[in-house]
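In what follows, a structure is listed as structure tokens, so that the remarks can point back to it.
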Amino acid sequence: MFSVLRRLLCLFCFCLGLQSLRAATPSSEAEPAAFKPEALDRSTILQLQIFLDRHLFGPGKLDGAVGEFTHKAVVNYNFAQGRKDIYDWSHALTRAAKEVPVMYASFKIRPELLQYVNPDLPEKPEEQVQFPYMAYRSLVELVAERFHTDEDFLARLNPDKRLNQLKAGDSVVVPNVRSFRIEEIKPLASHKTDPVLSQNTIVIDTTERIAVVYAPGDRFLAAFPITPGKPEFIPVGTWEVKTMLNTPSFRYDKQFLEEGVRGGEAWQLPPGPNSPVGILWCGISKSGIGLHGTALPRTIGRSRSAGCVRFANWDIVRLPTLIRPGSKVIVR
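First residue of the sequence shown? That's 105 in our numbering, and the numbers climb one at a time after it.
Quick look at the structure:
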């Protein structure tokens, strides 16, 4: 097990052009000079991102751009496939072309989705407590998260549409990905111990901002981008998943988030996709710390949280299919 963990840490060190590699990294420290992913057209990169996302190697938001987490997703996918050259994109690109022949789809906004949108949701926590649900603030925000992307990329795909004026019945071009369906999230559902999934382990690499799930026998299952906590609050060590709950409420305590000490003023925020903890809370045996979703998927891997670990909602929703209470959580 520990030899595989060391190899995983080596993989996480790969971040082409963004940072130097640590000493434990495999000797092939860069991709061959003849291959430049940045030279690929945007549709080909999107095709690859959709493929990686489908196989649970999250490339971050789908945007058709070559970025840090697309690089890392290719490396992790290659490692899981047992490929010798983990930095070679050719296999993943070939598979993506076969499995994702259509990169774009048309999504028609159904009237029932309007219940998950509230343009009047305020920004201040003390005002949010007056609302029963932390809804999306616009239909374009809902559509973007549903298809694992952001509003900017939707605008690129729909240049002739006024996305800020979307309404029920409108159709939007979106990435052809398996959608995150907010209407299928069962409120307050608790995910229980499972004889198979509870044996799996999740490794949180706070330096490389990646979470990896593997099964007994060192079988690599999935990898997702994360936003780790502030260095002074990161609970390095080995823990255990204790609870997994859909659509939790959230105690917003500014002092606790900034200093790690409970303050005298706090607000109990309602559940919903725009809650600071998103649509799922995975509590661990370290008090007050958990893995959870986010209201700001575009910031995943690009900012710091307090002491918890944030995932995009479209990724955190998949955790109950990979781990359960009883699973080991390794934070390093």
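Quick reminder that beta carbons are idealized off the backbone N, C-alpha and C, glycines included.
Local conformation of residue i per DSSP, three classes
i	result
residue 308	strand
residue 325	strand
residue 427	coil
residue 240	strand
residue 191	coil
residue 444	Given a span of 105 to 436 for the chain in the structure shown, any question on residue 444 remains unanswerable.
residue 221	strand
residue 337	helix
residue 161	strand
residue 175	helix
residue 150	helix
residue 155	helix
residue 197	helix
residue 202	helix
residue 456	Given that the chain is displayed from residue 105 to residue 436, the structure contains no residue 456 and the question cannot be resolved.
residue 293	coil
residue 246	helix
residue 143	helix
Whole-Å CB distance - residue i paired with residue j, under 8 Å assumed
i	j	result
residue 316	residue 278	Not a contact, Cβ separation roughly 28 Å.
residue 164	residue 302	About 28 Å; that fails the 8 Å criterion.
residue 212	residue 162	About 27 Å; that fails the 8 Å criterion.
residue 187	residue 175	With 8 Å as the limit, residue 187 and residue 175 do not qualify as a contact, their Cβ atoms being about 15 Å apart.
residue 418	residue 284	4 Å
residue 249	residue 380	Contact doesn't hold; Cβ gap of about 15 Å is too wide.
residue 155	residue 184	Wrong, their Cβ atoms sit about 13 Å apart, outside the cutoff.
Enclosing beta strand (DSSP E) for residue i [first to last residue]
i	result
residue 209	208-212
residue 319	314-319
residue 372	371-373
Cα-Cα separation between residue i and residue j, rounded to whole angstroms
i	j	result
residue 224	residue 386	29 Å
residue 182	residue 160	13 Å
residue 171	residue 243	27 Å
residue 373	residue 252	25 Å
residue 148	residue 281	14 Å
residue 353	residue 375	5 Å
residue 298	residue 395	18 Å
residue 433	residue 305	6 Å
residue 239	residue 276	20 Å
residue 356	residue 236	15 Å
residue 425	residue 267	33 Å
residue 173	residue 209	23 Å
residue 227	residue 411	22 Å
residue 218	residue 271	8 Å
residue 177	residue 351	28 Å
residue 230	residue 367	15 Å
residue 323	residue 436	20 Å
residue 477	residue 307	The question about residue 477 has no answer, for the chain in this structure spans 105 to 436.
residue 402	residue 140	25 Å
Beta-bridge pairing of residue i - partner residues as DSSP gives them
i	result
residue 276	211
residue 432	305, 344
residue 386	348, 395
residue 331	414
residue 354	373
Cβ of residue i within 7 Å of any chain C Cβ
i	result
residue 192	Among the chains in the structure shown there is no chain C, since it carries only a single protein chain.
Where the alpha helix (DSSP H) containing residue i begins and where it ends
i	result
residue 297	Here residue 297 belongs to no alpha helix (DSSP H), and DSSP marks it neither H nor E.
residue 256	255-261
residue 229	229-232
Near the ligand MN: residue i beta-carbon under 6 Å from a heavy atom
i	result
residue 416	Of ligands this structure carries none, so the ligand MN is not represented either.
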